[in-house]
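Undergrad:
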Amino acid sequence: MALLLPAPLKAHFSAVSGLEFLSQTESAAPHLLFLPIYNNTTIEIYGFKLNDKDQSEQTLLYKKSDSPSGYGLAIPADAFEAFSDFRVSITHGDVSANYIIIKNHFISDSGEYFLNDSTFSHVDYTNDTIDVPTAKESLVSAVEYITEEFSSKYSWKYLSDKTMLLDVAEGDDPLSGEYYLEVSELLDGKGCCYYAVTLSRRTYDNGNAIGETIINRYLVTIPGNRIIPMFDQNGEINSEYNDIII
Numbered sequence: 047m048a049l050l051l052p053a054p055l056k057a058h059f060s061a062v063s064g065l066e067f068l069s070q071t072e073s074a075a076p077h078l079l080f081l082p083i084y085n086n087t088t089i090e091i092y093g094f095k096l097n098d099k100d101q102s103e104q105t106l107l108y109k110k111s112d113s114p115s116g117y118g119l120a121i122p123a124d125a126f127e128a129f130s131d132f133r134v135s136i137t138h139g140d141v142s143a144n145y146i147i148i149k150n151h152f153i154s155d156s157g158e159y160f161l162n163d164s165t166f167s168h169v170d171y172t173n174d175t176i177d178v179p180t181a182k183e184s185l186v187s188a189v190e191y192i193t194e195e196f197s198s199k200y201s202w203k204y205l206s207d208k209t210m211l212l213d214v215a216e217g218d219d220p221l222s223g224e225y226y227l228e229v230s231e232l233l234d235g236k237g238c239c240y241y242a243v244t245l246s247r248r249t250y251d252n253g254n255a256i257g258e259t260i261i262n263r264y265l266v267t268i269p270g271n272r273i274i275p276m277f278d279q280n281g282e283i284n285s286e287y288n289d290i291i292i
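Take 47 as the starting number for the sequence shown in my numbering and just add one per residue.
1. So, helix, strand or coil for L79, using DSSP?
2. Rounded to the nearest angstrom, how far is the Cβ of I136 from that of M47, given a contact under 8 Å?
3. With respect to the beta strand (DSSP E) encompassing S230, which residues constitute its N-terminal and C-terminal limits?
4. Please look up how many angstroms separate the CB atoms of I146 and D131, rounded, as I've assumed it's under 8 Å.
5. If you check the beta carbons only, do H138 and T87 fall under 7 Å apart?
6. Can you give me the C-alpha to C-alpha distance between N254 and E228, rounded to a whole angstrom?
7. Pick out whichever of L119, P220, L265 has its Cα sitting closest to the Cα of S111.
8. Please go through the same chain and pick out, in chain order, the residues whose beta-carbon is closer than 6 Å to the beta-carbon of E258, but skip the five residues on each side of it.
9. Measure the CB-CB distance between N271 and D278 and report whether it falls below 7 Å.
10. Assuming Y225 contacts L212 under a Cβ cut-off of 8 Å, what Cβ separation, rounded to an integer in Å, is found between them?
11. Roughly how many angstroms separate the alpha carbons of P82 and E190, rounded to a whole number?
12. Measuring straight from C-alpha to C-alpha, what distance separates L221 and L233?
13. Kindly indicate the opening and closing residues of the beta strand (DSSP E) around A242.
14. Under DSSP, the beta strand (DSSP E) around V214 begins and ends at which residues?
15. Report, in whole angstroms, the separation of the C-beta atoms of S230 and A215, which I expect to be a contact under 8 Å.
16. Evaluate L49 with the Cβ neighbour count: other Cβ atoms within 10 Å of its Cβ, from every protein chain shown; 16 or more gives buried, anything less gives exposed.
17. Distance, Cα to Cα, I274 vs N252?
18. Where do the ends of the alpha helix (DSSP H) carrying E195 lie?
19. Rounded to whole angstroms, what's the CA-CA distance from R263 to I290? Just pull it up for me.
20. Quick check: the Cα distance between T105 and F196, rounded to an integer number of angstroms?
21. Could you tell me the alpha carbon to alpha carbon distance between A188 and D219, rounded to whole angstroms?
22. What's the gap between the Cα of E90 and the Cα of Y200?
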């Protein structure tokens, strides 16, 4: 019935000729982009509050009848301050579908499934949560990604919750020696957030650090824990990384 993009880029917005925004005010919050598959579709958005499995206080917030060609609806995540959750109802002819957004959960098919890192699975309304890595855990994810095919021995230790020391033995692998990984949070302004992990090597003089060379940067998706490097294996700028940063 519709294509849902939970983290659209500027290029996605630009490609929608009939784009509408649910909120008329500019928002830096993440967006959802709904694109009905069929023209002449009716889209309704209801705000509500979820109490266990019961939806209460449903209020019609938006309605679009007979959607034209090229129509798309951008919904900022903070558009419903009066409601904790909302439901999108899409109808075309005798066919309809409901998409329910419950805070960090995306639930489809009348609330029977939730979308977590592009995988549908049954949802337990009271116990299921989306696994969101911490900054400290994102350092481990980056190290595992970097050393995935290493034959050399390596070791690492935390210097803080946001800094890690990686020591790689001499060998045939692309890295050897002592490296630092530092993490910070990154909001890309296009609908998603990441941990930005920087891999660097420091230069010392008489035991004092006098310089730092950045080897690579890695974006760790939140949620999902997927790694997006700045440089690919050939040393070229990763186009996906560029799309996020630019």
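For every residue, glycine included, the Cβ atom is placed at its ideal position computed from N, Cα and C. Since the model is a prediction, treat every value here as computed from it, not as a measurement.
TA: From the atom records:
1. strand
2. Contact flag correct, Cβ pair sits at about 5 Å.
3. Start and end: 223-233.
4. 7 Å
5. yes
6. 19 Å
7. Of L119, P220, L265, the smallest CA-CA separation from S111 is found for L119.
8. These residues qualify, in order along the chain: S246, R248.
9. no
10. 4 Å
11. When rounded, the distance between both Cα atoms is 39 Å.
12. For L221 and L233, the distance between alpha carbons rounds to 29 Å.
13. 239-251 is the span of the beta strand (DSSP E), which, as asked, contains A242.
14. 209-214
15. Not really, about 28 Å apart at Cβ, beyond 8 Å.
16. Counting of Cβ neighbours within 10 angstroms places L49 among the exposed residues, the total staying below 16.
17. 36 Å
18. Careful: E195 lies outside any alpha helix (DSSP H) and carries neither H nor E.
19. 13 Å
20. Approximately 56 Å, taken between the alpha carbons.
21. 16 Å
22. Whole-angstrom Cα-Cα distance: 55 Å.
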